[in-house]
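Colleague: Heads up, the sequence shown is in my numbering, so the first residue is 199 and it goes up one at a time.
Below you will find the structure I want to go over with you.
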Amino acid sequence: MNTAENIFIQTALLNNRTVLNEQTNFENQTLINTLRKLQHTILKSIPACSSPSFHHLRMVPMERRNMSDLYYFTPELQGTRAFKTSR
Numbered sequence: 199m200n201t202a203e204n205i206f207i208q209t210a211l212l213n214n215r216t217v218l219n220e221q222t223n224f225e226n227q228t229l230i231n232t233l234r235k236l237q238h239t240i241l242k243s244i245p246a247c248s249s250p251s252f253h254h255l256r257m258v259p260m261e262r263r264n265m266s267d268l269y270y271f272t273p274e275l276q277g278t279r280a281f282k283t284s285r
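Below you can see the structure in the form of structure tokens.
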């Protein structure tokens, strides 16, 4: 498993722990936010994401049962889920 995959998995695991244990919500949310920033940094380092269209990449939170999913869209995939990771 590479570093990028590990960060995405850790983010999802932290989200599940946050939902299950409200007492650690603040600490987990801080870690989740840090991991989300790392995800964005990793995406920027991928050669395919160096194209001009990457500058239009945006994260759109979608509320679903007290959890948010991050959907990444590019202009070429307008309205199509490029890939998804749980927050």
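We treat Cβ as the ideally placed atom computed from N, Cα and C, and that holds for glycine.
1) Buried or exposed: where does Thr239 fall if 16 or more other Cβ atoms within 10 Å of its Cβ makes it buried?
2) Would you call the CB atoms of Ile205 and Leu236 closer than 8 Å?
3) Which one of Arg234, Leu241, Ser243 and Glu225 has the shortest CA to CA distance from Ala210?
4) When we look at the beta-carbon of Asn226 and count the other beta-carbons within 10 Å, is it buried (16 or more) or exposed?
Modeller: To lay it out plainly:
1) exposed
2) yes
3) Arg234
4) buried
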